[in-house]
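Asks:
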Amino acid sequence: MVIRTADFLSQFGLAMNEGAVEIANYERACDCYVHHSQVPVAVAGYALASPTFAQRQFPKFSFIDLIQKRPSMDVQEAVALAAVCGADVTPPFWGNGGPFGKHLWLVIERYRLDPFFERVDQPYGSDGDHYYMRPRGIDARTGDAIPEVLVRWREAYRKLDTPYQLMVATVLQLYRQGPDKHWMVRVPKTWHAAEGVQALRAAGFLADWARLVALYPGW
């Protein structure tokens, strides 16, 4: 399947020029209809071109909202999200766990996220190395919370710089796909999506983050 990312982005008034995202048609950007599953692409693109514009157009769209939209996105939307963030990904994604699992463990190692995620001995799925990953603080055998570990998890998370918090929150949200009562409790998590994208870009994390989100095969 040929996916023309340039044509896809143009419906939002966006264009890519030598790898940089820009608002090429301001009137279209202001007035275009954005389907709910396309919002992550539009917000990320606008955020990279003009964070102020992105927040004005989508004032209530949080970074967590962006991650939660991933299961609703189709192949074209996932490819476009990766492209605006400087990542190149190859379909198929859904149900294709190999590339995601490999990249997940690379991200955990590269960004030193071991205090938050662990490899367990027994996977709970079949296709992809990500089925060996669990957030720390839950007994992998019984599913019971380990309160003292969760306390340390949250304390360590609060001490992270924002880009690292965003990476932890992304991995956890892809794993959970919804709110939880264990990890993200009384911790930073209310960033606007545009703030998150900008912080990741400033830290040099954006391409790895986008690849992780785009490759998501379901969990």
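In my numbering, the protein residues as written are 6 to 224.
For each residue, glycine too, the CB sits at the ideal point set by N, CA and C.
Because the structure is a prediction, the values reported are computed rather than measured.
1. Buried or exposed: Y221, going by 16 or more other Cβ atoms within 10 Å of its Cβ?
2. Between G91 and the rest of its own chain, which residues show a CB-CB distance below 8 Å, the 5 nearest in sequence each way excluded?
3. Tell me the rounded alpha-carbon separation between Y31 and P140.
4. Considering Cα atoms alone, identify which of M78, Y162 and V176 is closest to R191.
5. According to DSSP, what are the bridge partners of I143?
6. Between F98 and A219, what straight-line distance do the alpha-carbon atoms span, to the nearest angstrom?
7. With the cut-off set at 7 Å, would you say A198 and V48 are in Cβ contact?
8. Buried or exposed for A207, please, with buried defined as at least 16 other CB atoms from any protein chain shown within 10 angstroms of its CB.
9. Give me the Cα-Cα distance between D12 and V176, rounded to the nearest whole angstrom.
Replies: The structure says:
1. buried
2. G24, L211, A212 and A215
3. 42 Å
4. Y162
5. A150
6. 8 Å
7. yes
8. exposed
9. 30 Å
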